[in-house]
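Student: With the numbering used here, you'll find the sequence shown wraps up at 523, consecutive numbering, no jumps.
Every residue gets a Cβ at the ideal spot worked out from N, C-alpha and C, and that includes glycine.
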Amino acid sequence: MLEGRADYITYTWNKVQYADQYSVQASTDQTFATVTKRTTTSDTSKYMGGHVQGTVYYWRVQAISFAGPGEWSDVWSFKADVLGVKEEMGTPTAYSISQNYPNPFNPTTTISFALPQSGFTTLTVYDILGREVHMLLNKKVEAGIHEINFDATNFQSGVYFYKIQSGNFSQIKKMVFMK
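As structure tokens, this is what we get:
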């Protein structure tokens, strides 16, 4: 299932039993010889930007469990156009933060989040010991979908956490930096 605007699309699929993560690929060719979008998430949906209007995209999902990656799903396709693929655009109806992508990453990654209303928002990165190591965002942010890039060039490889706080919403996600 897909929804969004022409340049931002939410990819959605069914949960697979025992899956810890899902790998999602999108390509402009059915053979996936050139993968234009690649991400890993623990959710059963992923909101991704950068789609070119008028372009046909093919996409697939692979479940990953403790035993390793499964088979790729069937391939689905859609055309990103000016009308989009969702009937209704606008402000998100709920707060959310997506798993960073790519994850693991080296040295940059993107964090996406949705705010249903404007408000003071912080996005903070912590090390494995819970120490604040970087403040990505600390200001009033308008309602909508937002992306922030995190450059960890000057950080050590390892597990980090990022935490968003906006209004009464607070959520933490884990990310892995591998040099």
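Three-state secondary structure (DSSP) at I441?
Tutor: Locating residue 441 in the sequence shown gives position 97, where the first residue counts as 1. Strand, per DSSP.
Student: Sort out for me which residues DSSP pairs Q369 with in a bridge.
Tutor: Residue mapping note: residue 369 aligns to position 25 of the sequence shown, counting from 1. R382 and R404.
Student: Report the option in V400, G502 and I492 whose CA atom is closest to the CA atom of A525.
Tutor: There is no way to answer for residue 525, as the model of the chain reaches only from 345 to 523.
Student: When you compare each of K518, Y401 and Q443 to L473 by their alpha carbons, which one comes out closest?
Tutor: On the sequence shown, position 129 is the one that residue 473 refers to. It is K518 whose Cα lies nearest to the Cα of L473.
Student: Would you give the residue range spanned by the beta strand (DSSP E) that H478 belongs to?
Tutor: Along the sequence shown, one-based indexing puts residue 478 at 134. Run containing H478: E476 to V485, per the beta strand (DSSP E) assignment.
Student: Which of the three DSSP states is assigned to S514 in this structure?
Tutor: Translated into positions along the sequence shown, residue 514 becomes position 170. Three-state DSSP puts S514 in a strand.
Student: With 16 other CB atoms within 10 Å as the buried threshold, where does K381 fall?
Tutor: Residue 381 sits at position 37 when you count from the first residue of the sequence shown. By the 10 Å Cβ count, K381 comes out buried.
Student: Nearest to F376 by CA position, among L481, V400 and P448, is which residue?
Tutor: Within the sequence shown, residue 376 is the residue found at index 32, counting from 1. Out of L481, V400 and P448, V400 has the C-alpha closest to the C-alpha of F376.
Student: Quick check on the DSSP output: the beta strand (DSSP E) that includes A458 runs from which residue to which?
Tutor: Within the sequence shown, numbered from 1, the residue matching residue 458 stands at position 114. Unbroken beta strand (DSSP E) run through A458: T452 to L459.
Student: Can you say whether S409 is buried or exposed, counting buried as having 16 or more other CB atoms within 10 angstroms of its CB?
Tutor: As a working note, residue 409 is residue 65 in the sequence shown. Exposed, by the Cβ-count rule.
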